[in-house]
Amino acid sequence: EAQVTQNPRYLITVTGKKLTVTCSQNMNHEYMSWYRQDPGLGLRQIYYSMNVEVTDKGDVPEGYKVSRKEKRNFPLILESPSPNQTSLYFCASSPVGLGKTYNEQFFGPGTRLTVL
Amino acid sequence: GIQVEQSPPDLILQEGANSTLRCNFSDSVNNLQWFHQNPWGQLINLFYIPSGTKQNGRLSATTVATERYSLLYISSSQTTDSGVYFCAVDHSGGGADGLTFGKGTHLIIQP
Numbered sequence: 652e653a654q655v656t657q658n659p660r661y662l663i664t665v666t667g668k669k670l671t672v673t674c675s676q677n678m679n680h681e682y683m684s685w686y687r688q689d690p691g692l693g694l695r696q697i698y699y700s701m702n703v704e705v706t707d708k709g710d711v712p713e714g715y716k717v718s719r720k721e722k723r724n725f726p727l728i729l730e731s732p733s734p735n736q737t738s739l740y741f742c743a744s745s746p747v748g749l750g751k752t753y754n755e756q757f758f759g760p761g762t763r764l765t766v767l
Numbered sequence: 529g530i531q532v533e534q535s536p537p538d539l540i541l542q543e544g545a546n547s548t549l550r551c552n553f554s555d556s557v558n559n560l561q562w563f564h565q566n567p568w569g570q571l572i573n574l575f576y577i578p579s580g581t582k583q584n585g586r587l588s589a590t591t592v593a594t595e596r597y598s599l600l601y602i603s604s605s606q607t608t609d610s611g612v613y614f615c616a617v618d619h620s621g622g623g624a625d626g627l628t629f630g631k632g633t634h635l636i637i638q639p
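Structure representation (structure tokens):
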């Protein structure tokens, strides 16, 4: 089944304890992205990657890191989480980079993160 | 950046009713998608529709790119249609690639 998977789905942690949320897609997509969703602010892009070893900042990158060493994986790293990073996080992938012909984005199931 | 406005913000209907959700956007787009966020928080792809009309069962969508709006039609609503419906467009010429989401329409279907 073609899909985007995220792990963990739920996580409660404490301030300052490094964590990684994994994202994997099995559709051979070039483009991958991370979003966060917050009440009243909607969904906002954190980072994106046009291909392996190519990453760039989205609208709200502060406090996050990403890497793209393999085409299928795009982990989101919080080096020192803070309570304002409590949110619902989504990973997404697309066949090609946006601005090109066919660029439908497919979303993972989401990760609910609480930072105490 | 590009602005995306959805209306109405909230909609309460009885099972079996029809509804039309609207999405207005402020600039030309290369991509427009409709999503349904279910009560468990998952974003379900409904339509990829930068222009034209598509239908999938009881749902259909139309995008008029030249007039910068899209409509999502839900016919014969069921309680499982409840949730938030988002319209999202890409950054056509924007600084960072990504989808810009509207604030959504919260739909409640009552039995």
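Residue numbers (this note's numbering), protein chains in the order written: chain G, 652 to 767; chain X, 529 to 639.
Note that the Cβ used here is the ideal one computed from N, Cα and C, for glycine as well.
Using the rule of at least 16 other Cβ atoms within 10 Å of the residue's Cβ for burial, across every protein chain shown, is Gly623 (chain X) buried or exposed?
Caution applies to Gly623 (chain X), whose pLDDT of 40 falls short of 50 and renders its modelled position unreliable; the model cannot decide the point.
Whole angstroms are fine: how far does the CA of Ile697 (chain G) sit from the CA of Leu727 (chain G)?
Rounded to whole angstroms, Leu727 (chain G) to Ile697 (chain G) spans 9 Å at the Cα level.
What did DSSP end up calling Asp689 (chain G) once you bin it into helix, strand or coil?
Three-state result, Asp689 (chain G): strand.
Please confirm if the region 604-615 of chain X is in contact with the region 549-565 of chain X, defined as three or more CB-CB distances below 8 Å between the two stretches.
Because the criterion of three Cβ pairs below 8 Å is met, the region 604-615 of chain X and the region 549-565 of chain X touch.
Which whole-angstrom value is the C-beta distance of Phe553 (chain X) and Arg596 (chain X), which I expect to be below 8 Å?
About 5 Å separates the two Cβ atoms, so the contact holds.
Given Glu730 (chain G), which residues of its chain have a CB within under 7 Å of its CB, disregarding the five upstream and five downstream residues?
Once the five neighbours on either side are set aside, the close Cβ partners of Glu730 (chain G) are Lys669, Lys716.
In three-state DSSP terms, what is Asn702 (chain G)?
Looking at Asn702 (chain G) - three-state DSSP - the assignment turns out to be strand.
Skipping 5 residues on each side, what residues in its chain have a beta carbon closer than 6 Å to that of Pro734 (chain G)?
Around Pro734 (chain G): Val766.
With distances taken from CA atoms, which of G:Ala653, G:Ser684, G:Gly691 is nearest Met701 (chain G)?
Cα-wise, what sits closest to Met701 (chain G) is G:Ser684.
Identify every residue that forms a DSSP beta bridge with Phe757 (chain G).
The partner list for Phe757 (chain G) (beta bridge, DSSP) reads G:Ser744.
From the beta carbon of Ser684 (chain G), is the nearest beta carbon of chain X less than 8 Å away?
Yes, because at least one Cβ of chain X sits closer than 8 Å to the Cβ of Ser684 (chain G).
If I measure Cβ to Cβ from Gln561 (chain X) and keep anything under 6 Å in the same chain, skipping five residues before and after, which residues do I get?
Once the five neighbours on either side are set aside, the close Cβ partners of Gln561 (chain X) are Tyr576, Ala616.
Buried or exposed for Ile663 (chain G), please, with buried defined as at least 16 other CB atoms from any protein chain shown within 10 angstroms of its CB.
When all chains shown are included, Ile663 (chain G) counts as exposed.
So that I know if they touch, is there some Cβ in chain G lying closer than 8 Å to that of Gln542 (chain X)?
Chain G, which has no Cβ nearer than 8 Å to the Cβ of Gln542 (chain X), makes this no.
Could you pull out every residue in the same chain whose Cβ sits closer than 8 Å to the Cβ of Leu539 (chain X), ignoring the five residues on either side in sequence?
The answer, listed in chain order, is Ser547, Leu549, Thr633, His634, Leu635, Ile636.
In whole angstroms, give me the CA-to-CA distance for Met678 (chain G) and Tyr753 (chain G).
Using only the alpha carbons, I get a separation of about 14 Å.
With DSSP as the reference, label Asp707 (chain G) as helix, strand or coil.
Here Asp707 (chain G) sits in strand by DSSP.
Taking Cβ-Cβ distances shorter than 8 Å, what residues in chain X pair up with Glu755 (chain G)?
Here the neighbours are Asn559, Gln561, Asn573, Tyr576.
For Cys551 (chain X), decide whether its Cβ has a neighbour in chain G, counting only Cβ atoms nearer than 8 Å.
Chain G, which has no Cβ nearer than 8 Å to the Cβ of Cys551 (chain X), makes this no.
Does chain X have any CB closer than 8 Å to the CB of Leu739 (chain G)?
Yes, contact with chain X.
Would you verify that the beta carbon of Asp555 (chain X) is, or is not, closer than 8 Å to some beta carbon of chain G?
Output row for Asp555 (chain X): interface = no.
So what does Phe614 (chain X) bridge to, in DSSP terms?
X:Phe563.
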